[in-house]
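Colleague:
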Amino acid sequence: MPIPLIEMKQVCKSYGTVAILNNISLTVHPGEFLTLLGPSGCGKTTLLRMISGFEQPSAGEIYINGQCVNHLPPQKRDVHTVFQSYALFPHLSVFENVAFALRCQRINNEEIDARVDDALRLVQLEAFATRSIRQLSGGQQQRVAIARAIINRPKVLLLDEPLSSLDYRLRKAMQYELKQLQKTLSMTFVFVTHDQEEALSMSDRIVIFNHGHIEQVGTPREVYETPANLHVAKFIGEANIFDIDIHGVDKQNLLTTIESTPLQCKNTGNYQAGDKVHLIVRPEDIRVWGETEVTDTEGMLPGKIIDIVYKGSTVDLKVKLPSGKIINASEFFDEDDDKLEYSPNETVWVHWVTGWEVLLPYEN
Amino acid sequence: MKIKPFSIHFIFAWVFLFGFIPLCLVVIASFLTKDHVNLVSLPLTFSNYKELFSPLFAKVFFRSLIIALMTTVCCLLLAYPFSYLLAKSKHKSVLLVLIIIPFWTSSLIRTYSLIAILKFNGILNVILLKAHLINQPLSLLYTNFAVITGLVYNLFPFMVLPIFTNMERFDFRLIEAAKDLGANKWAIFFRVFLPNTSGGIISGCLLVLLPAMTLFYIPNVLGGARSVLLGNMIQNQFLVLENWPQGAATSVILTVLLLLLLFLYRHHGKGVIH
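Taken in sequence, the protein lines are chains A and B. The first sequence stops at residue 426 when you use the working numbering, and every number in between is there. The second sequence stops at residue 961 when you use the working numbering, and every number in between is there.
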């Protein structure tokens, strides 16, 4: 394990009697792209503001590079922030905005010129140096905010939902550029977002927040494929959730019933007969067969198609099971089935490969 | 949306009738000759301006300018922190109303009431004596101090309002951004806050400086006979000497000064944007 760059030990934050963050312990490793993910109001921005020094923890300690920074003002911390609103200085040109941190350190003009030019080149804005901030588009302002924050080569760059005000296409492009920039600079990024797709595609590790505590920390693959609990499973990607009872255990397999159909699933969590669990299946793991396509329907659930959405690379279906429960299924065009022709109200058989489901302990 | 063109035309007509035409009349009068019966008469002459190039006028002009500048500086030093507190306050509207309410009373009456505070056995001297800060009463009334106090008191809102408006629009997140980038208190103030509120400061100074040179009744009331300022001079020319062309010429000089300042402000404003 490398030495952590940022370490939070039992950090709590409350305003009066309202607790915002409860007992957060988290480490950030040098050079990683860490994403704080959660719905709005879950405390992720507050945590970021405690790292940058704009908020002080009510309890616990924050260490940056081994030094406790609890009482260190933002000016003294080797971290810079890209703000959600960008907070660019409207009275300064693009060049002077980027040069701001250097001017505050009274660095000589030649060095400022060279370093600002470098930073502007990194974000492809070298042609805009003399422009006023008001003359820039949202995407360009975003780049100025990034250049301004990296000019000082901070140990950690904090990004507070920086892409949320950009349109979809630009956001996609900036996601890729940010990731490239992070690799080029080999700088540590702590990124806050509520967009799970953004988190999955950019991060080395994701920290999932809910109601002021951490639900799970893991790589994008870990949090998607083995969610720690129901909230994570629902928050990351789409999930079909069945509440089931386990009837029996057979070696590695559990015996259960879904929608009156006997089924087997992998025993991943040391469950016993009589346990109640949540069974989660991702839409893309579900296969939907037409009545004529299958002969052996063992382990398959009967259903009726109620909605079909053609998405180009997939066909998304809503299937109504006999109990009235509606599940989502995404079907891919591949060698098995290159037509994917379904019609509304068609009777179908639904199934998934044993072991692709995820079992979680029952939560009330 | 028929109302909008109408209101614009109305404002335009108003400014033309009651602003532009009187101004033209003043300019025309300044080139005419003094007449005891009709106030002004032909022939056209430059003599009204020529007479202003006198040591006496220069003396009055510069004394007024210095008093007006001191008033402006005092107003600014008081109004800048005051506007900041106002902009940050939760009770903005209440505080704003409290500033404006005194101005519902005539400015002349309020200026006279300053005498009660500043006079030899006035409130201020009594308080200072009781507090043992002074041994004998100070003669404050009929000094430049009294004039400047009166001017600052009367013109303070004209400095506060533009600065407050500017500060209220200021995005205080910029201060966080500056802190984040390592700016200390001085850098935050001089590199971020001051440049972003300079528009309000300049507007406020323009609104205070010119009236400070021409509010004739304040020097009249608080400055006594010794204090002749530009405003008193113009008043004298019109009402005592009945020399309207001369008074008009003096006013025109002041107007030109105002235009010059506005031009400098515009020029400076453009410099900021680029």
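Ideal Cβ positions, reconstructed from N, Cα and C, are used throughout, including at glycine.
(1) For the segment 778–789 of chain B against the segment 894–904 of chain B, are there 3 or more C-beta pairs whose distance is under 8 Å?
(2) Let me see if you follow: with CB-CB separation under 8 Å, is residue 774 (chain B) close to chain A or not?
(3) Would you call residue 426 (chain A) buried or exposed, if buried means 16 or more other Cβ atoms sit within 10 Å of its Cβ?
(4) Quick one: using the 10 Å Cβ neighbour count with 16 as the cut-off for buried, is residue 369 (chain A) buried or exposed?
(5) Can you check whether the CB of residue 149 (chain A) is closer than 8 Å to the CB of residue 863 (chain B)?
(6) Three or more C-beta pairs closer than 8 Å, one from the segment 409–417 of chain A and one from the segment 341–358 of chain A: is that the case here?
(7) Cβ of residue 777 (chain B) less than 8 Å from any chain A Cβ?
(8) Please report how far the alpha carbon of residue 322 (chain A) lies from the alpha carbon of residue 307 (chain A), in whole angstroms.
(9) Taking only beta-carbon positions, decide if residue 258 (chain A) is within less than 8 Å of chain B.
(10) Of all the options B:713, B:941 and B:824, which has the alpha carbon lying nearest to the alpha carbon of residue 810 (chain B)?
(11) Under the three-state reduction of DSSP, which class applies to residue 887 (chain B): helix, strand or coil?
(12) Say whether chain A places a C-beta atom closer than 8 Å to the C-beta of residue 891 (chain B).
(13) Going by beta carbon distance, what residues of the same chain come within less than 6 Å of residue 174 (chain A), once the five residues before and after it are set aside?
(14) If you run the structure through DSSP and keep just helix, strand and coil, what is residue 342 (chain A)?
(15) Under 8 Å, do residue 379 (chain A) and residue 393 (chain A) count as touching if we go by C-beta distance?
(16) Residue 847 (chain B) by DSSP, collapsed to three states: which one?
(17) Note down, in chain order, each residue of its chain lying with its Cβ closer than 7 Å to the Cβ of residue 799 (chain B), except the 5 sequence neighbours on either side.
(18) For residue 139 (chain A), name the three-state secondary structure that DSSP assigns.
(19) Using DSSP's beta-bridge definition, name the partner residues of residue 418 (chain A).
(20) Within the chosen definition, does the segment 806–820 of chain B reach the segment 724–731 of chain B through at least 3 CB pairs nearer than 8 Å?
(21) In the DSSP assignment, what residue or residues form a beta bridge with residue 74 (chain A)?
(22) Tell me the residue span of the alpha helix (DSSP H) that contains residue 179 (chain A).
(23) Does the Cβ of residue 711 (chain B) have 16 or more other Cβ atoms within 10 Å, making it buried, or fewer, making it exposed?
(24) Determine whether the Cβ of residue 152 (chain A) lies closer than 8 Å to any Cβ atom of chain B.
(25) In chain order, what residues of the same chain have a beta carbon less than 7 Å from the beta carbon of residue 94 (chain A), not counting five sequence neighbours either side?
(26) Tell me, which residues are paired with residue 413 (chain A) by DSSP?
(27) Determine the direct distance from the alpha carbon of residue 814 (chain B) to that of residue 820 (chain B), and round the result to whole angstroms.
(28) Answer with buried or exposed for residue 484 (chain A), where buried requires no fewer than 16 other C-beta atoms within 10 angstroms of its C-beta.
(29) Are the segment 786–801 of chain B and the segment 835–844 of chain B touching, with three or more C-beta to C-beta distances below 8 Å?
(30) Is the segment 184–200 of chain A touching the segment 106–118 of chain A in the sense that three or more CB pairs, one from each, lie closer than 8 Å?
(31) On a Cα-Cα basis, can you pick out the residue from A:91, A:67, A:81 and A:65 that is closest to residue 280 (chain A)?
(32) Taking only runs of the alpha helix (DSSP H) that begin and end inside the segment 890–948 of chain B, which ones reach a length of at least 4 residues, in chain order?
(33) For residue 224 (chain A), count the other beta carbons within 10 Å of its own beta carbon; 16 or more makes it buried, fewer makes it exposed. Which is it?
(34) Residue 305 (chain A) and residue 273 (chain A) - do their beta-carbons sit closer together than 8 Å?
(35) Checking contacts by CB at 8 Å: is residue 958 (chain B) closer than that to chain A?
(36) Around the C-beta of residue 937 (chain B), are 16 or more other C-beta atoms found within 10 angstroms, so that it is buried, or is it exposed?
Modeller: Let me spell this out:
(1) No, the segment 778–789 of chain B does not touch the segment 894–904 of chain B.
(2) no
(3) exposed
(4) exposed
(5) Going by C-beta atoms, residue 863 (chain B) is nearer than 8 Å to residue 149 (chain A).
(6) Touching, yes.
(7) no
(8) The straight-line gap from Cα to Cα measures roughly 12 Å.
(9) Residue 258 (chain A) does not count as touching chain B.
(10) B:824
(11) helix
(12) no
(13) If we look at residue 174 (chain A) and ignore the five residues flanking it on each side, its Cβ neighbours are 161 and 164.
(14) strand
(15) Contact flag set, yes.
(16) helix
(17) 908
(18) coil
(19) Partner(s): none; residue 418 (chain A) has no beta bridge.
(20) no
(21) A:121
(22) 171–184
(23) So residue 711 (chain B) counts as exposed.
(24) For residue 152 (chain A), the answer is yes, since a Cβ of chain B falls inside 8 Å of its Cβ.
(25) Same-chain partners within the cutoff: 250, 266 and 267.
(26) A:349
(27) 9 Å
(28) The first residue shown for chain A is 63 and the last is 426, placing residue 484 (chain A) beyond what the model contains.
(29) Three or more Cβ pairs drawn from the segment 786–801 of chain B and the segment 835–844 of chain B lie within less than 8 Å of each other, which places the two stretches in contact.
(30) no
(31) A:91
(32) 904–909 and 917–922
(33) buried
(34) No, these two residues do not count as a Cβ contact at 8 Å.
(35) Only weak support exists for where residue 958 (chain B) lies, its pLDDT of 44 falling under 50; the value from the coordinates is given anyway. With its beta carbon at least 8 Å from every one in chain A, residue 958 (chain B) lies outside the interface.
(36) buried
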